[in-house]
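Student: Structure provided below as structure tokens; questions to follow.
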Amino acid sequence: MTRKTVDTLIIDLDNTIFDWFAVWFASFEPVYNELLRVTGRPAADIEADIRRVHQARRTSEYSFLLEEIDALADLRATGDIRDSFSDAIDLSRRGRDLNLSLYPSVFRCLWELKKKGTKIVAYTESMGFYSAYRLKRFGLDGVIDVMFSPQDHDLPAGVSVENLRRLPDEFYELQVTEMRHTPPGELKPNPTVLLDILKTVGAR
5 MTRKTVDTLI IDLDNTIFDW FAVWFASFEP VYNELLRVTG RPAADIEADI RRVHQARRTS
65 EYSFLLEEID ALADLRATGD IRDSFSDAID LSRRGRDLNL SLYPSVFRCL WELKKKGTKI
125 VAYTESMGFY SAYRLKRFGL DGVIDVMFSP QDHDLPAGVS VENLRRLPDE FYELQVTEMR
185 HTPPGELKPN PTVLLDILKT VGAR
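Going letter by letter, the sequence shown gives residues 5 to 208 in my numbering.
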């Protein structure tokens with residue numbers, strides 16, 4: 005019996021090739037703890053405030069929580085909120101990066117498939133900016149041929165990406181992997197989106 009050749013692999017990313025929750029928690033906890041300390045408000049109130057922002061922005065990965073959470077409205081009026089939270093932000097970034105690692109054997113497995121000519125496609129519900137950053141850190145820019153993700157959220161009023169980035173744009177952006185977006189509001193499991201991805205990449 006002739007073995008069927010698989011020419012395209014479509015994979016999920018979060019909690020499939022790496023521990024997304026560990027990365028998220030390590031990034032979120034320092035900011036959350038500092039919110040509790042600075043505001044002096046009950047945890048339940050702060051969590052309700054956070055939930056409102058996350059629901060409005062359609063993601064629990066939101067880099068501008070400090071700019072939008074109601075609990076900090078008075079503090080924001082007195083100056084740059086990121087200066088006030090600079091230590092927590094540094095801890096958040098360090099925690100994120102320390103936990104950004106692929107599950108064992110993932111890179112080797114994907115690289116072996118790539119060498120055999122298999123097209124590798126990622127389909128994730130994490131927004132483009134966060135997913136692209138992770139692919140770069142994992143060394144998968146170019147190993148994965150195409151990544152499908154939701155479009156990024158809008159920036160809060162008065163916030164400039166240029167002022168926030170500490171490194172050149174190419175550090176954050178994929179150089180080889182092609183970025184494409186899934187339709188707004190579409191969530192997994194969704195056979196229509198998956199079939200559209202198959203059609204887009206020319207697979208059956």
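Every residue gets a Cβ at the ideal spot worked out from N, C-alpha and C, and that includes glycine.
(1) Taking the alpha-carbon positions, what's the residue 98 to residue 28 distance?
(2) The alpha helix (DSSP H) with residue 68 in it runs from where to where?
(3) Using the Cβ count rule (16 or more neighbours within 10 Å means buried), how would you classify residue 195?
(4) At what residues does the beta strand (DSSP E) containing residue 107 begin and finish?
(5) Any Cβ of chain B within less than 8 Å of the Cβ of residue 114?
(6) Here's the rule I'm using: 16 or more other beta-carbon atoms within 10 Å means buried, otherwise exposed. How should residue 191 be labelled?
(7) CA-CA distance, residue 52 and residue 86?
(8) Flag this pair as yes or no: are the beta carbons of residue 131 and residue 149 separated by less than 8 Å?
(9) Since residue 102 and residue 138 should fall inside the 8 Å C-beta cutoff, what is the C-beta to C-beta distance between them, to a whole number of angstroms?
(10) Going by beta-carbon coordinates alone, are residue 128 and residue 16 separated by less than 8 Å?
(11) Please return the same chain residues whose Cβ sits closer than 7 Å to the Cβ of residue 10, not counting the five positions on each side in sequence.
Tutor: Answer, in terms of the structure:
(1) The alpha-carbon atoms of residue 98 and residue 28 are separated by roughly 12 Å.
(2) Neither: residue 68 is in no alpha helix (DSSP H) and is coded neither H nor E.
(3) By the 10 Å Cβ count, residue 195 comes out exposed.
(4) Here residue 107 belongs to no beta strand (DSSP E), and DSSP marks it neither H nor E.
(5) Absent here is chain B; the protein component of the structure consists of one chain.
(6) Answer is exposed; the Cβ neighbour count stays below 16.
(7) Answer to the nearest angstrom: the Cα atoms are 21 Å apart.
(8) No, Cβ-Cβ distance for residue 131 and residue 149 is not below 8 Å.
(9) In this structure residue 102 does not touch residue 138 by the C-beta definition: roughly 13 Å separates them, more than the 8 Å allowed.
(10) Going by C-beta atoms, residue 128 is nearer than 8 Å to residue 16.
(11) Excluding sequence neighbours, residue 10 sits near 122.
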